[in-house]
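For the sequence shown, position 86 matches number 130 in the working numbering, and the numbering has no gaps at all.
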Amino acid sequence: MSYNFEEQEQIAQMRHFWSRWGTHISLVVLIVALGFAGFYGWQWWQRSQGARAAAVFEQVQAAIQSNSPDRIEQAWADMQSKAPGSAYAGMAALAVAKSLHDAGQNDAAMSALKWAADHAVGSSERAVARLNLSALQIDAKQYAEASKTLAGNPEPTFSALFDMRRGDLAVLQGQRDAARKAYEAALKSLPANAPERDVVEQKLQAAGGGAA
45 MSYNFEEQEQ
55 IAQMRHFWSR
65 WGTHISLVVL
75 IVALGFAGFY
85 GWQWWQRSQG
95 ARAAAVFEQV
105 QAAIQSNSPD
115 RIEQAWADMQ
125 SKAPGSAYAG
135 MAALAVAKSL
145 HDAGQNDAAM
155 SALKWAADHA
165 VGSSERAVAR
175 LNLSALQIDA
185 KQYAEASKTL
195 AGNPEPTFSA
205 LFDMRRGDLA
215 VLQGQRDAAR
225 KAYEAALKSL
235 PANAPERDVV
245 EQKLQAAGGG
255 AA
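Shown next as structure tokens:
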């Protein structure tokens, strides 16, 4: 098949263009293709990990319902190894800690709460874990450890609860000034109609302060 001069010139131009830019175009196409593959691959990976975490969480729930501390601890160990970065892990830690505490396994309960306080994905789960852990530490007269657990500010939703717990800890240590300051801070954080205000005001008065 013969080409006229104009067609041959166009072909020559295309060959020149492709020889100069063909590698770059191929690279761009490859990057775009890999980008789409990576995006959908990441979505698939997230879904598969979420399903796996949900399945392990169901095992934790089943273990809790069995009321067997050994089964609970084994299921919790599986959660830590198989889905530690999932949102389910923090919820599982709180549920496991409560069940183990109810079973009299306080050391194991505190271990689960320490994990949640440090590693739970949700800030709310971390705050609740710190509050519950500090309560167990106070019950065990581990006052220095409880103070460390309560150090640092949680998200604002939990500020009043943390200040109340700090006040309780200060009272037990005979630190009345610190207790008053903590209870006063709790009252400032609580809404005017919060039912907890009455309890905090009573604690403040018992610590030698006046009702706000």
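Glycine residues also receive a C-beta, built at the ideal position from the N, C-alpha and C atoms.
Keep in mind that this is a model prediction, so the values were computed, not measured.
Cutoff 8 Å; reference residue i; Cβ partners in own chain excluding five residues on either side
i, result
"Gln181", "Met154, Tyr187, Glu189, Ala190 and Thr193"
Reduced DSSP secondary structure (H/G/I, E/B, other) of residue i
i, result
"Lys247", "helix"
"Ser203", "helix"
"Leu231", "helix"
"Gly129", "coil"
"Gln219", "coil"
"Gly211", "helix"
"Asn197", "coil"
"Asn176", "helix"
"Val165", "coil"
Residue i vs residue j beta-carbon contact at 7 Å
i, j, result
"Phe206", "Pro200", "no"
"Ala131", "Leu144", "no"
"Ala106", "Ala137", "no"
"Met208", "Ala179", "no"
"Ala195", "Ser233", "no"
"Val140", "Ile116", "yes"
"Gly129", "Glu169", "no"
"Ala171", "Ala127", "no"
Cut-off 6 Å between Cβ atoms - residues of its own chain near residue i, not counting five sequence neighbours on either side
i, result
"Gly252", "Arg220"
"Ala119", "Gln103, Val104 and Ala107"
"Arg210", "Leu194 and Ala226"
"Ala147", "Pro113"
"Arg241", "Leu234"
"Gln149", "Pro113"
Same chain, Cβ closer than 7 Å to residue i, five either side skipped, listed in chain order
i, result
"Lys158", "Leu177"
"Ala173", "Ala137, Leu138, Leu157, Ala160, Ala161 and Ala164"
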